[in-house]
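First up is the structure itself, then whatever we jot down about it.
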Amino acid sequence: MQSVLTPQQHDILQRERDLFTRLESVAARVDSPAHERGILARTRKQLDEFFLLVVVGEFNSGKSAFINAMLGQRFLDEGVTPTTSQIYVLGYGPQAAAELVEPFLLRVSYPVSWLQEINIVDTPGTNAVIQRHQEITEAFVPRSDLILFVTSADRPFSESERAFLELVSDWGKKVVIVINKIDILDEEAALNQVVDFVRDQASAVLGVVPRIFPVSVKLAQRAKGMTDDGSGSKTSPDGTAEFLTASRFPALESFILDTLDQQQRLRLKLESPLGVADNLHRTFSATVQKRLELLKSDFATLDDIEAQLDGYVADMRHDFQFRTSLIDNILHDVRARGDDFFEETIRMGRFFDLINGSRLRSEFERVVIADTHERIEHEVNDLIDWMIERNYRQWQEVTQHLGRRATQHGDRIVGGIGGSFDLNRKQLLQSVGRSVREVVATYDYEAESRQLSDSVRLSLTAMGAVEVGALGLGAVLLAILSRALDPLGLLAAGGIAIAGLFVLPARRRAAKNDLDAKIEAVRQRLKETLSTQFERELQRSVQEIREAVAPYTRFIRVEQDKLTLLSQELDTVALEVKQLRSQLYALDTAPPPTRA
Ligand SMILES: Nc1nc2c(ncn2[C@@H]2O[C@H](COP(=O)(O)OP(=O)(O)O)[C@@H](O)[C@H]2O)c(=O)[nH]1
Ligand SMILES: [Mg+2]
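The sequence shown begins at 74 in this note's numbering and counts up by one.
Structure below.
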């Protein structure tokens, strides 16, 4: 083909080769099935091969008979049953020969000169009882440069023919329609009716009005002297002309042999791959879009999980404030009781108790300190239990979310997005779901809460909040009392009266202030310690959940990036197809090249 190309045609040819190389790489990246990749590879290869005129139609419409009429000899089998069971690619050869080159594909040579320019292809035909025949024929459609669609005048344009023509149109193929067996129609009116009907139907499917050739292959064969036994003995010369006219075959024959000249064939050959490119481009784009959509809802799932985690964190912080306010209340109570106590005891009436001290000390312990330590412990323990419980529930919610996603996915896969993408994604969802479920199933409340309370205790100690509860709050408060009581100081003040007037109110105020400050300091430090510990724990649990989900997150990010790139690549492919097509049209309107 190369030898007869103009520079422009040569340029288009080269660009089409590149286009198919690109499409092949896209095909590999979307795990397109082998047959699609085969089509791409063959289409590229075919750019350098003979022009392929592919004869299709239902079985028994006369395809083989038509090719025989073109050859002038009954070379192929004809018959009312589905006689042709393979693809026959007829090309030129000095003598008749056949060779199986692919499963169901015979390359046949025949010594007729026009086969040097055009290869004609006989197909098993559609709508045969043998489903395989239909598949073989359909699979060959993408390889054609021009489709000769043979329908029969006795059942023109059946439903199966419409469906098949649709497939042909999907591959962007140019179609010429042959209405065969017009010899069975008695009247010209009937023939016109059939032609009109076929034209309307075919135009509706193809979107353009195709060329239509009504013929009688049988009469043509008779005119060419092809007898049923294939011996080639001639009928009478008079009859010959009559048969030939009635067959209307010459118009079709001249279309194939003359109108389809080298430039026309070149044009069709360069255009044909663009239809294939369009078709597979649509397929690949659909795959990419479907996957992107699936990923979009994957992202939505992740966003849901993220939002849940955010809500969890916000709720926890809010509840934490409330829970620490309970501890505040306990300390507040201690302070109030302490104030009352000092108010009550540091006064003249109890001077001897003050001097003695031990009675007040035990009273202080009983009334002011009371069960503060246990109550604080209790609140801290509650806080820990609450955290553990909430953390556990958070894991459960994530499990449910992932579980739902996995089952949703199960439904979607029926839609067939195919390839390793689906497999990877499915396996990942399952394994992530499994590991999260495992956390829930093996969640050890006691161990978790033991660990957390140990660490809370440890950090309380580390932060120097030893004043709390068993950690020494009582001792601290008692120290305040001791200072208030300090009998030496009291006595040194010089007499009961003076003490009563000046020292005791000052002592009382000092004790109260001392208590206020101490309690406030304890409260602050306790809160700070618990907050730090709480935040650390909260972050850790959220982080753990995120890490469990991370492989899924990573997968969809990476896949989305890949698919976005693919989608861009497909856009440039579409653009290239469009440009090539308009360049081809531009060639049509340009003056014809000088012919050798
Ligand atoms: N009446 C009539 N019969 C034809 C004509 N062309 C072919 N046939 C017959 O139709 C039958 C099927 O032909 P064949 O070429 O095997 O059909 P294919 O299955 O499409 O290849 C054969 O019996 C042919 O003799 C025609 O123009 N008129
Ligand atoms: Mg046949």
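From the three backbone atoms N, C-alpha and C, an ideal C-beta is built for every residue, glycine too.
Check	Outcome
Sub-7 Å separation of Asn192 and Gly166 beta-carbons	no
Three-way DSSP call (helix, strand, coil) for Glu122 in this model	coil
Glu687 - partner residues in DSSP beta bridges	Outside the displayed span of the chain (74 to 669) sits residue 687, for which this structure offers no information.
Limits of the unbroken alpha helix (DSSP H) element including Gly164	Looking at the DSSP string, Gly164 is not in any alpha helix (DSSP H); the run it does join, the beta strand (DSSP E), is 160-165.
Cβ-based burial, Lys369 [other Cβ within 10 Å; buried from 16]	exposed
Segment contact flag, the stretch 171-189 with the stretch 155-162, C-beta cutoff 8 Å, min 3 pairs	yes
Any non-hydrogen atom of ligand 2 within 6 Å of Leu156 CB	At residue 156 the sequence reads Thr, which differs from the Leu that was named. Under cutoff, so the answer is yes.
Candidates Arg580, Gln337, Glu436, Gly411, of which the one nearest Thr662 by Cα	Gln337
Whether Ile629 touches Asp371 by CB criterion (7 Å)	yes
Element boundaries [beta strand (DSSP E), containing Phe393]	Run containing Phe393: none in the beta strand (DSSP E); it sits in the alpha helix (DSSP H), 335-418.
Rounded separation between Glu593 and Glu452 - CA only	18 Å
Ile209 Cβ short of 6 Å to ligand 1 heavy atom set	no
Three-state class that DSSP yields for Asn192 in the structure shown	strand
Any non-hydrogen atom of ligand 1 within 6 Å of Phe286 CB	no
Beta-carbon proximity of Leu219 to Lys247, cut-off 7 Å	yes
Burial state of Asp495, where buried means 16 or more other Cβ atoms lie within 10 Å	buried
Own chain, CB closer than 7 Å to Ala479, minus 5 neighbours either side, in chain order	Leu502, Gln503, Gly506
Alpha-carbon spacing of Asn352 relative to Ile112, whole angstroms	11 Å
DSSP three-state assignment for Glu172, whether helix, strand or coil	strand
Leu588 (DSSP reduced to helix, strand or coil)	helix
Status (buried if at least 16 other CB within 10 Å, exposed otherwise) for Pro197	buried
Every unbroken alpha helix (DSSP H) inside the stretch 178-235 [4 residues or more]	204-213
Glu649 versus Arg627 - alpha carbon distance	33 Å
Test item: CB-CB of Val241 and Val214 under 7 Å	yes
Rounded distance between the beta-carbons of Leu639 and Arg102, thought under 8 Å	6 Å
Gly280 (DSSP reduced to helix, strand or coil)	coil
Any non-hydrogen atom of ligand 1 closer than 6 Å to Gly298 Cβ	no
Exposure label - Lys591; buried when at least 16 CB within 10 Å	buried
Residues bridged to Val127 (per DSSP)	Val194, Ile220
The alpha helix (DSSP H) enclosing Ile85, as first and last residue numbers	80-102
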